[in-house]
Ligand code: F6R
């Protein structure tokens with residue numbers, strides 16, 4: 001999830017690219033760069049914000065002057081820390097090809113090895129850099145080819161996702177772009193064209209755009225654009241008129257970042273699994289822990305430390321790792337772990353989970369565990385943040401920047417990572433090859449199921465309307481759905497300011513049942529699993545005390561409908577997969593209740609996105 005801009009026309013390109021990148025900063029902000037063509041191929045790229053790049057440009061604009069063609073990128077790291085060298089554009093050794101890339105090259109390590117053996121020197125740790133060397137290699141074998149021909153040939157070697165732009169003074173006055181799994185838009189002006197990863201940087205220049213489809217390439221010149229498939233078959237494109245405000249475009253057309261991030265989840269889930277879930281081979285590839293996997297498998301005990309939503313993901317991780325890998329797991333609030341003198345030693349593995357990678361308590365827990373000699377591993381979203389830097393190994397969630405303060409897509413990404421980790425720890429020990437393939441197959445179907453659940457948004461809005469004035473909520477679930485009950489309650493309280501509590505459903509009779517009356521909405525997560533009959537009894541108990549029941553149930557269930565005022569049906573899956581599905585309606589319900597109460601969902605009162613203080 002990075003931002004791309006391109007410009008070709010009659011105006012100075014650099015200021016247009018830089019202001020376009022500023023519009024795209026919500027897509028990534030750890031480093032940025034531009035490359036232009038004015039006879040040569042001047043470029044600048046550096047770690048930090050687009051503002052910092054702009055300041056550097058303003059200090060010495062001379063080398064960029066006169067260029068009316070260029071490309072720019074703002075990065076959200078996936079491979080390689082945020083740094084000057086990992087920033088895009090990437091250039092070949094002769095510095096006459098510049099390339100920017102969104103997405104993930106899945107077979108990059110293979111390609112990189114191949115290119116290194118042929119004498120190519122790599123200047124960055126990114127997967128993207130292989131692309132520019134591939135283009136260079138093909139061009140060297142036949143210098144008479146056009147830029148589009150060499151890009152097309154290079155892409156035949158690439159597995160994975162890309163949105164990319166390439167320029168070169170060897171075939172000047174054109175930008176070659178290609179898309180597979182990572183969006184690209186061409187903006188059509190008067191004698192000038194814009195390229196971007198979404199319409200945000202284009203809309204101030206023109207409202208006319210053409211959206212590239214997956215598997216398409218375009219050659220953009222000052223005279224026009226030509227779109228073909230990557231297989232070189234010409235395609236007809238329709239010009240679309242934008243009618244969005246800039247703010248809405250940044251939010252992908254959604255009212256709030258939180259809603260956008262909830263709806264992004266099917267795509268994010270695919271990104272998290274990309275190149276890692278190998279269903280046919282019956283294995284999971286987790287590069288960041290590969291060298292430590294044996295040690296992880298031999299752990300006497302795993303302790304997971306985290307805060308808030310990440311702690312809820314940790315609870316699901318406990319169930320998954322114990323279930324699949326049969327390694328004992330404990331989950332601790334990082335804030336408790338750091339101060340309670342825990343018994344930890346070299347046989348233990350401590351896993352810290354954090355979206356931001358900067359949470360003060362989680363970082364302190366990590367340091368405490370390290371001091372006691374434990375092996376520490378991280379699960380983080382922000383590449384290069386403090387936690388990944390201080391852990392021995394780890395897995396990035398690749399959920400892209402999460403802007404809404406309430407964590408949504410980062411949570412589902414964390415749970416997917418924990419599922420993959422549990423399977424990786426099981427391989428060769430507690431799970432057969434067939435079981436492994438079956439579990440991976442189920443996991444790879446999750447994005448599809450998630451997309452189906454998002455279609456229930458209208459029904460969830462109706463439910464939100466009738467419960468928006470409630471003063472309390474109870475969330476109940478059992479087994480894998482107990483942590484989801486906690487997460488549902490946390491989401492509601494943090495953005496709507498309604499008091500909500502999550503409990504394991506069986507605990508209700510030990511206290512919370514006293515709260516039940518006709519003013520108490522109770523959300524049951526009642527999907528079909530081994531505790532289904534027990535949860536039906538819990539629903540009966542609430543109904544007989546006049547509590548208002550909203551249930552999340554498996555498709556085809558008729559029992560629950562008899563007892564609940566509202567039922568949200570979701571696709572049936574195994575218990576281990578369910579948290580990834582049951583949480584989505586709860587995220588939507590919190591969102592719609594909060595907006596109906598006039599709350600600022602993206603910036604709830606008293607909360608910060610990254611809690612860097614105790
Ligand atoms: C809830 C939420 C917080 C965070 C918590 C930990 O929606 O966002 O509870 O989950 O502050 O943050 P990270 O994961 O960045 O360590």
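Residue numbers (the numbering used here): 1 to 614.
C-beta: ideal position from N, C-alpha, C; glycine also.
What you are looking at is a predicted structure, and each value in this text was computed from that prediction instead of being measured.
Asked                                                                                                                                                                               : Found
Among 486, 493, 535 and 530, which one has its Cα closest to the Cα of residue 509?                                                                                                 : 535
Reducing DSSP to helix, strand and coil, say where residue 341 ends up.                                                                                                             : coil
Just to check, is the beta-carbon of residue 310 closer than 6 Å to a non-hydrogen atom of the ligand F6R?                                                                          : yes
Could you round the C-beta distance between residue 346 and residue 373 to whole angstroms and report it? I think they count as a contact, below 8 Å.                               : 4 Å
Distance check for residue 97 and residue 269, CA to CA, integer angstroms please.                                                                                                  : 33 Å
At which residues does the beta strand (DSSP E) containing residue 472 begin and terminate?                                                                                         : 472 to 477
Between residue 305 and the ligand F6R, is there a pair consisting of the residue's CB and a ligand heavy atom that are separated by less than 6 Å?                                 : no
Within the continuous beta strand (DSSP E) that includes residue 136, where are the two ends?                                                                                       : Taken as a continuous stretch (DSSP letters only), residue 136 belongs to no beta strand (DSSP E), being part of the alpha helix (DSSP H) at 129 to 141.
Indicate whether the contact test is met: 3 or more Cβ pairs, each with one atom in the region 276 to 286 and one in the region 298 to 314, closer than 8 Å.                        : no
At a cut-off of 6 Å, would you count residue 414 as near the ligand F6R, judging by its Cβ distance to the nearest heavy atom?                                                      : no
When we look at the beta-carbon of residue 500 and count the other beta-carbons within 10 Å, is it buried (16 or more) or exposed?                                                  : buried
Between which two residues does the alpha helix (DSSP H) harbouring residue 6 extend?                                                                                               : Per DSSP, residue 6 belongs to no alpha helix (DSSP H); it is in the beta strand (DSSP E), 3 to 8.
For the alpha helix (DSSP H) containing residue 538, list its first residue and its last residue.                                                                                   : 532 to 543
Could you check which residue in 212, 591, 604 and 608 has the C-alpha nearest to that of residue 616?                                                                              : This structure cannot speak to residue 616, because the chain is shown only from 1 to 614.
Residue 46 and residue 84 - do their beta-carbons sit closer together than 7 Å?                                                                                                     : yes
Is any non-hydrogen atom of the ligand F6R found closer than 6 Å to the C-beta of residue 385, if you look at the structure I gave you?                                             : no
Let me know if residue 65 comes out buried or exposed under the rule of 16 or more other beta-carbons within 10 Å of its beta-carbon.                                               : exposed
Taking all protein chains shown into account, do 16 or more other C-beta atoms lie within 10 angstroms of the C-beta of residue 357, making it buried, or fewer, making it exposed? : buried
Relative to the C-alpha of residue 481, which candidate in 516, 529, 520 and 434 has its C-alpha closest?                                                                           : 529
Could you give the DSSP three-state label for residue 36: helix, strand or coil?                                                                                                    : strand
Between the region 334 to 342 and the region 389 to 402, do at least 3 Cβ pairs fall closer than 8 Å?                                                                               : no
CB residue 100 to CB residue 89, shorter than 7 Å?                                                                                                                                  : yes
Compare the C-alpha of residue 453 against each of 531, 266, 494 and 68 and name the closest.                                                                                       : 266
In the structure shown, what three-state DSSP assignment does residue 121 receive?                                                                                                  : coil
Which residue marks the beginning of the beta strand (DSSP E) containing residue 62, and which one marks its end?                                                                   : No beta strand (DSSP E) holds residue 62; DSSP gives it neither H nor E.
Give me the Cα-Cα distance between residue 410 and residue 62, rounded to the nearest whole angstrom.                                                                               : 42 Å
Compute the minimum distance between the beta carbon of residue 355 and the heavy atoms of the ligand F6R, and state whether it is under 6 Å.                                       : yes
If you follow the alpha helix (DSSP H) that residue 462 is in, where does it begin and where does it stop?                                                                          : 457 to 467
If you reduce the DSSP assignment to three classes, tell me which class residue 102 lands in.                                                                                       : strand
If you follow the alpha helix (DSSP H) that residue 312 is in, where does it begin and where does it stop?                                                                          : 308 to 320
Would DSSP call residue 217 helix, strand or coil?                                                                                                                                  : strand
Whose C-alpha, out of 325, 580 and 511, is nearest the C-alpha of residue 445?                                                                                                      : 580
So what does DSSP say about residue 520, is it helix, strand or coil?                                                                                                               : coil
Verify the contact flag: residue 611, CB atom, against every heavy atom of the ligand F6R, threshold strictly below 6 Å.                                                            : yes
What distance in whole Å lies between the Cβ atoms of residue 193 and residue 220, which are believed to be in contact at a cut-off of 8 Å?                                         : 5 Å
Could you pull out every residue in the same chain whose Cβ sits closer than 7 Å to the Cβ of residue 215, ignoring the five residues on either side in sequence?                   : 180, 229 and 230
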